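Asker: Quick note on numbering: numbering that gives the first Met the number 0 labels position 54 of the sequence shown as 53, and the sequence is numbered without any gaps.
Where a beta carbon is used, it is the ideal one built from N, C-alpha and C, also for glycine.
Remember, it's a predicted structure, so these values are computed and weren't measured experimentally.
The structure under discussion is supplied below as structure tokens; questions concerning it will follow.
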Amino acid sequence: MILVSHLLVGAAIAEEIKSVPIAIFLALFSHYLLDFLPHSEYSIKNIGEGKWRHSFFDFFKIFLDFSSGVLLILVLAKNPLIALLAGITAILPDGLAFLAFVFPENKLLKIHRAFHHIKTHSFRNKKIPLFWKIISQALTIAVTIIFLLK
Numbered sequence: 000m001i002l003v004s005h006l007l008v009g010a011a012i013a014e015e016i017k018s019v020p021i022a023i024f025l026a027l028f029s030h031y032l033l034d035f036l037p038h039s040e041y042s043i044k045n046i047g048e049g050k051w052r053h054s055f056f057d058f059f060k061i062f063l064d065f066s067s068g069v070l071l072i073l074v075l076a077k078n079p080l081i082a083l084l085a086g087i088t089a090i091l092p093d094g095l096a097f098l099a100f101v102f103p104e105n106k107l108l109k110i111h112r113a114f115h116h117i118k119t120h121s122f123r124n125k126k127i128p129l130f131w132k133i134i135s136q137a138l139t140i141a142v143t144i145i146f147l148l149k
């Protein structure tokens with residue numbers, strides 16, 4: 000899933016669950032649940048291959064994705080600071096996956112990356128049309144925005 004999906008779901012959880020520690024835990028857990036859905040992701044191949052000199056546009060895509068989610072949270076959430084905290088917690092697994100590229104010798108990061116990319120992205124190798132992969136994310140974002148607006 001793209002970051003904006005995870006950010007918004009984490010924020011929506013924080014808006015519904017009044018206990019901050021429980022909301023943070025559920026926001027983190029939501030990341031892995033969402034990654035079970037069929038979805039498409041934009042390419043960050045240069046980052047994945049460690050081609051740092053050629054990865055400006057990869058980082059730019061991530062920046063736009065992240066910024067869009069943060070902006071939507073700040074505009075839509077009734078309690079934006081807690082919602083933002085939960086949203087950022089919801090993208091933490093992707094941050095850990097990035098750190099696994101930066102620190103490939105770290106065993107804990109390797110274990111997390113293997114779990115995150117192999118176990119939770121179960122539809123990665125299935126032949127599902129791109130249309131349905133995009134629709135699953137669009138519906139996630141739309142439903143979450145509706146939740147935040149109520």
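Roughly how many angstroms separate the alpha carbons of F28 and G68, rounded to a whole number?
Answerer: 18 Å
Asker: Can you look up K106 in the DSSP assignment and give me helix, strand or coil?
Answerer: Three-state result, K106: helix.
Asker: In chain order, which alpha helix (DSSP H) runs of at least 4 residues are fully inside the stretch 37 to 115?
Answerer: 44 to 47, 55 to 75, 79 to 89, 91 to 101, 106 to 113
Asker: Could you check what DSSP says for P20 in three-state terms: helix, strand or coil?
Answerer: helix
Asker: Within this structure, are the beta carbons of T119 and D34 separated by less than 8 Å?
Answerer: yes
Asker: Applying the criterion that 16 or more other CB atoms from any shown protein chain within 10 Å of the CB defines a buried residue, is V101 buried or exposed?
Answerer: With fewer than 16 other CB atoms across the displayed protein chains lying within 10 angstroms of its CB, V101 is exposed.
Asker: Quick one, which of V8, H38, I1 has its alpha-carbon nearest I127's?
Answerer: H38
Asker: Do the stretch 69 to 80 and the stretch 15 to 27 touch if we need at least three Cβ pairs shorter than 8 Å?
Answerer: no
Asker: Run the CB neighbour count on S135, radius 10 Å, all protein chains shown included, and call it buried at 16 or more, exposed below.
Answerer: buried
Asker: Using the Cβ count rule (16 or more neighbours within 10 Å means buried), how would you classify E193?
Answerer: Examination of residue 193 is not possible in this model, given that the chain is present from 0 through 149 alone.
Asker: Would you report the Cα separation of P103 and K50, rounded to the nearest angstrom?
Answerer: Near 14 Å, if we compare the C-alpha coordinates of K50 and P103.
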